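Heads up, the thing below is written out as structure tokens.
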Amino acid sequence: MFEKRLFSLVPQATPYIMASVLFKWIALMANITVMWVLARILGGIVTDGLSAALAVDALAQAALPLAAAIIVRAASIYLAQRAGDKAAFEAVRRVRSLVYDKLTALGPSYTETVPTAEAVQTSVEGATQLQVYFGGYLPQLFFAGLAPITLFVLLVGQAGFPAALLLACVPVIPVSIMMVMRNAKKIGAEYWGSYVDLGGMFLEAVQGLTTLKVYQADRSWHERINAESERFRAATMRLLVMQQRSICVMDLVVYMGAALGIIVTALQLATGKIGFEAAFLIVFLSQEFFLPMRRLGSLFHTAMNGMAASRRMFGILDTPEPERGDVELDGRGDVELAGVSYAYGDRTVLDSASATIAHGSLVALVGESGGGKSTLAGIIAGRKGAYRGSVRIGGVELRDATAASLMRAVTLVPINGYLFAGTLRDNLLLAQPSATDTELLRALDRTRVAAFVQANGGLDMVINEGGTNLSGGQRQRVCMARALLHDSPIYVFDEATSNVDAASEAAIGEVIASLAGGHTVIVVAHRLSTIVDADQILVLERGRIAEHGTHGELLAAAGAYARMWNSQKQLSAYAYAEGDAEDAGAVEAVDGSAACADGLNGTSSSSAAAAPDSGRARRSAPSIMWRMMGLVRPLAGWLVLAVALGSIGMLTAAFVPAFGALGLMAALGRNALGLGLIAACAACAACGIARGPLHYGEQLCNHYIAFRLLAHIRDLVFGALRQLAPAKLEGRGKGELVSLVTSDIELLEVFYAHTISPIAIALVCTVVFEGFLLAVSPELAGIALVAYAVLGVLLPLTSAKACGTTGRQSREGAGKLGAFVLDSLRGAGETIQFAGGTDRSRALGKLTEQVGAVDARLKRRQAVSEAVADALILVANLVMLGRALQLVAAGTIDFAAAFVAVFTFVSSFGSVMAVSRLGASLQETLASGARVLDLLDEQPQCAEVADGQNVEFAGAAAEHVSFSYVGGVDAGGAGATEQVANDTAASLILDDVTCTFAPGTMTCIMGRSGSGKSTLLKLLMCFWDPAAGTITVSGVDARHINTASLRSHEAYMTQDTHLFCGTVRENLLVAHASATDAELLDACRSASLTALIDRLPQGLDTPVAELGDSLSGGERQRIGLARIFLNDAPFILLDEPTSALDALNEAAVMQAVDELKRRGKTIVLVSHRASTCAFADFSLSVEHGRLS
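Next comes the structure, spelled out in structure tokens:
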């Protein structure tokens, strides 16, 4: 029941927890005071023969102390809630910071301990789950022990036996909780594990949704997600059944215990062993003995989720960090490698490598892709600490160096450098926080990207998560400019120019060469022409350094290097001179799909939390509820059953004290409603027994409905994402989408399980209570109706209006947190490299504070609503009592009937209170519903076609196509032309482009980075609609072709090959699910992948690490090519298919591609390599959005 380690992590929360307990106790004492005053007044009537009129006067005289007690109670309820909220926030802030800082300390290797999706959910949602534990459960834990003891001390003097009996029953509740705990940890862990798995699978699917759509594998992934969603639903139901069984036991204890106390009290009153005042207090305070413990039981089950999440957190926090030494490293000596080896699991990628790299020299690492070059570069840069052997810089072993000094000494520019969501300035200042704008622009100019930046918003241009609104070449050059700002003694460039055009590569090559002398420069290269002047070339072959020497020495040796050189030379013999088509001074355009209105126009620094169709008007609460209610119709029978069980259960709970009141009157010889003492006691006991099972049945029905619908909504959401991808998803934060499909949809449970039936139950119970009171007195029924209306209608509506848009802001804040954490983890390497961990952690803390401030406003209004509702109930009870006594004094009704009517009313607010809380508590749920509905209503940029025509591929063409990522688009025609003409803010990526791709031809598209080459391929895939003009396939407008037919004829390989968690085989089968092993191996041969498969410990069944990080860039690229060969589509689009390949593999792959053309395939490839373009029949050059 108490997690010591979790509690010890957040000492700041202790004062707030204790304050919450204190205020809860004060609220209890205020309630006892009210009951005591009423007992004295009513006791005067029963015992002392006081007239009803005098009792009314006594009640009026007690108005001031009663009002004071009510105010104190309301204030205490508010303050207790606020203190708990503060404790919860301190816990969330502290734990989130600890987990994030630990993940940062682990660096990119955190994925060896925990998948990224789980890391994000644990940091964000897991920390949030602790709110109930610290803010509700812990204060209630202490109060639940204090409350019954306080009541016993106050009542034992007047009714010793009943008070002792009630106190003796209280421990049964924690005993039942402890019994549940035997299985709670296991079931809770299964629930949280299933929740994390669902988020992980969803993140995998969203990140690779473009790849899945290319090969029409998105449907099968949709089915997998639905299966995982069903497993999560089953795990949630198991957890719920366990919780509800425990709650059923607790309800039995609470209501049977209260009934037992009431029955004993009534019998003792009848025999004269206790007085009326004592009996009154026992009857109407009996449930106060149990309710704190009952509330603790409910909170325990909710807190279990937080405790299950905390165990995952402890797993992260207990992960050993990479060992680091304490020696300062300046990086100004030689780099010495001695017997260096490295393995990914059972797969050795570097084997006993030894070499010396002189300080100030330029050294190249070359060899076939997968030969260990990037691994060796990562070891030297301190990114891979689990190496064997020795690596020394200036005589200092890397293991002995401090992490900070190593990062200052060595700067790595990886092939897939990461850019964070924010501005370009933010990303550059990460490397040198004190740099001036002039210095930043100078670095950009050195990497030939300054002109592009100046033309697109300058240093304040928006960068999307991962730099997705830049072309691959632009992204690489920005990363290189950032590295130059770091100015370290050693630079390691790992294929840092693989995606840039030839002229830019030459200019960057000059920059790299100029660094040598003052810096040690290590370059991983596949284009051998770029490293011929290197001081030393290390040739890696299957993890070993096979050769080393200068270019001339290695050619003379006629070994591995010479073979690669000759292969590249043979390729180049067919090529045009590199750079002929380049314009060194040209201004680039943005080629990223996310460079839309929220990007280059600068309206949002991060699209991570951008709502779809953000211009849409906010949905009203009634419209959201109406839409969500529509999904319930197929389960209406379950809803009716839930309402029936819940209504009867709520009535039985209310009638326990009501029959107790009847019993007191019967004990005094004043039978009301014709019931005697025994009958009243029997009815009281029956109600106490029935309440638990009825509530259990109601909750099972409600949650069956809720969890069925949540699974259905997840199905709808992923279906919508399939339609929206990739156009409407690129640039949106993946962490925000994970938040939507997990926590946002989970919050809808509040609506389906805790809103619909409670409202119906409140209506049914109100009708029953009104009917009873109407039979006693129309006036009393009128007072009750006003009270019910105020609490059940006016208060929730007022609370909802006071909350305003706070709920939406809170849910959007949660999405931003998810996006920020995912962004940070994806860029963990850059954060560590540039010592930005502290700043990112501080930014996360600031974002947590901002979201916490919004949540605090919402919780403050919830606390106000709770306090006001409690005060209104007490006031209504006093008004009802006063008027009833007046009616008794007037002779309209007798005292016994009035007494029973009043205290039936007193106990009748349970169902109405459940509704009154909805005004504030439902705001986040409605906000989540709005976010889900916004996504479901989002219109795809390029709608999929199901009612068009099927075609056989006979060529493709672009006819007068214009396109811009900025601003809206139309579906072509006059509207689209007008849009292009009028959208002066838009920068056209393609402008009136016309080209034809005849069957059986290979066309190469060349041009500067960011000139629109990749965009044209995306338009040919119908991922975007052109703003003007038409894309045709087989002479038919692509918008009129069935999407399934279109996809069956096209295959598309993007610049960045996405690999899913799983095996090599599973990643290949994405392209052709039914492929045989023979077909897989044939595709691998065509992609020059066979040697890698043979080296893998489990061949095709070797697991691929998250995002394929255990493979080199070239290996990942060749898996992407193998998919192309396996898919065997007639129309093939290749975006930089050989950018990360060495000359030998490039030659083999391009010969296989050429063979495809000979077999009648139509191929369009984008490449900066002249050797690759040489295979093409036609070449097109894109300049300023136009073809030449």
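Start counting at 1 in the sequence shown, then tack on 1408, and there's your number in this note's numbering.
By construction, the Cβ of each residue, glycine as well, lies at the ideal position given by its N, Cα and C atoms.
All figures in this text were calculated on a predicted structure; none of them were measured in a lab.
Which listed residue (the options) has its alpha carbon closest to that of residue i
i: residue 2096; options: 1664, 1445, 1526 and 1657; result: 1664
i: residue 2348; options: 2494, 2136, 2487 and 2264; result: 2136
i: residue 2179; options: 2298, 2558, 2192 and 2495; result: 2192
i: residue 2373; options: 2362, 2399, 2351 and 2367; result: 2399
i: residue 2581; options: 2239, 2506, 2547 and 2567; result: 2547
i: residue 1471; options: 2290, 1910 and 2471; result: 2290
i: residue 2284; options: 2315, 1741, 1672 and 2057; result: 2315
i: residue 1789; options: 1822, 1779 and 1769; result: 1822
i: residue 1848; options: 2313, 1810, 1887 and 1816; result: 1887
i: residue 1497; options: 1869, 1791, 2254 and 2140; result: 2254
i: residue 2573; options: 1855, 1767, 2586 and 2563; result: 2586
i: residue 2162; options: 1927, 1956 and 2319; result: 2319
i: residue 2196; options: 2214, 2177 and 2182; result: 2177
Exposure of residue i, with buried meaning 16 or more beta-carbon neighbours within 10 Å
i: residue 2435; result: buried
i: residue 2598; result: Any answer about residue 2598 is impossible in this case: the structure gives the chain only from 1409 up to 2596.
i: residue 2026; result: exposed
i: residue 2263; result: buried
i: residue 2246; result: exposed
i: residue 2015; result: The pLDDT assigned to residue 2015 is 37, lower than 50, so where the model puts this residue is not dependable, and the model offers no usable value.
i: residue 2588; result: buried
i: residue 2204; result: buried
i: residue 2042; result: exposed
i: residue 1425; result: buried
i: residue 1413; result: exposed
i: residue 1671; result: buried
i: residue 2298; result: exposed
i: residue 2559; result: exposed
i: residue 2578; result: buried
i: residue 1845; result: exposed
i: residue 2274; result: buried
i: residue 2355; result: exposed
i: residue 1738; result: exposed
Residue i to residue j span [Cα, whole Å]
i: residue 2481; j: residue 2474; result: 9 Å
i: residue 1984; j: residue 2410; result: Low per-residue confidence applies at residue 1984: pLDDT is 44, beneath 50, and the placement is therefore not dependable enough to give any value.
i: residue 2379; j: residue 1942; result: Per-residue confidence for residue 2379 stands at a pLDDT of 37, beneath the threshold of 50, marking its modelled position as unreliable; no derived number is given.
i: residue 2222; j: residue 1535; result: 11 Å
i: residue 2334; j: residue 2211; result: 12 Å
i: residue 1922; j: residue 1908; result: 19 Å
i: residue 1634; j: residue 1643; result: 14 Å
i: residue 2591; j: residue 2419; result: 6 Å
i: residue 2447; j: residue 2421; result: 21 Å
i: residue 2047; j: residue 2198; result: 26 Å
i: residue 1839; j: residue 2550; result: 31 Å
i: residue 2005; j: residue 1860; result: Because the pLDDT at residue 2005 is just 31, under 50, the model does not fix this residue reliably, and the point stays unresolved.
i: residue 1786; j: residue 1804; result: 17 Å
i: residue 2526; j: residue 1830; result: 32 Å
i: residue 2387; j: residue 2521; result: Residue confidence for residue 2387 is low, a pLDDT of 41 falling below 50, so the modelled location carries little weight and cannot support an answer.
i: residue 2012; j: residue 1870; result: The predicted position of residue 2012 is uncertain, since its pLDDT is 35 and thus under 50; a value taken from the coordinates is nonetheless stated next. Cα-Cα distance, rounded: 7 Å.
For a minimum of 4 consecutive residues, which ranges assigned as the alpha helix (DSSP H) are wholly contained in the segment 2139-2176? Within the segment 2139-2176, the complete alpha helix (DSSP H) runs of at least 4 residues fall at 2142-2147 and 2157-2162.
Decide yes or no for the touch test of the segment 1914-1922 against the segment 1751-1767: beta carbon pairs closer than 8 Å, at least 3 of them. No: the two stretches stay apart, fewer than three of their Cβ pairs being nearer than 8 Å.
Enumerate, from N- to C-terminal direction, the unbroken alpha helix (DSSP H) stretches of 4 or more residues contained entirely within the segment 2512-2569. 2521-2535 and 2551-2566
Please specify which runs of the alpha helix (DSSP H), each continuous and at least 4 residues long, are wholly inside the segment 1542-1589, giving them in chain order. You should have 1546-1563 and 1568-1577.
Between the segment 2122-2135 and the segment 2076-2083, can you find at least three pairs of beta-carbon atoms closer than 8 Å? no
Pairs of beta-carbons, one from the segment 1525-1535 and one from the segment 1483-1492, closer than 8 Å: are there three or more? The segment 1525-1535 makes no contact with the segment 1483-1492, as fewer than three CB pairs between them are under 8 Å.
How do the segment 2490-2510 and the segment 2458-2475 stand: do at least 3 beta-carbon pairs fall below 8 Å, yes or no? yes
The segment 1540-1553 touching the segment 1417-1432, judged by at least three CB pairs closer than 8 Å: yes
Extract the residue ranges of the beta strand (DSSP E) inside the segment 2173-2210, only unbroken runs of 3 or more that lie entirely within it. none
Which runs of the alpha helix (DSSP H) fall wholly inside the segment 1885-1965 and span at least 4 residues, in chain order? 1910-1923 and 1959-1965
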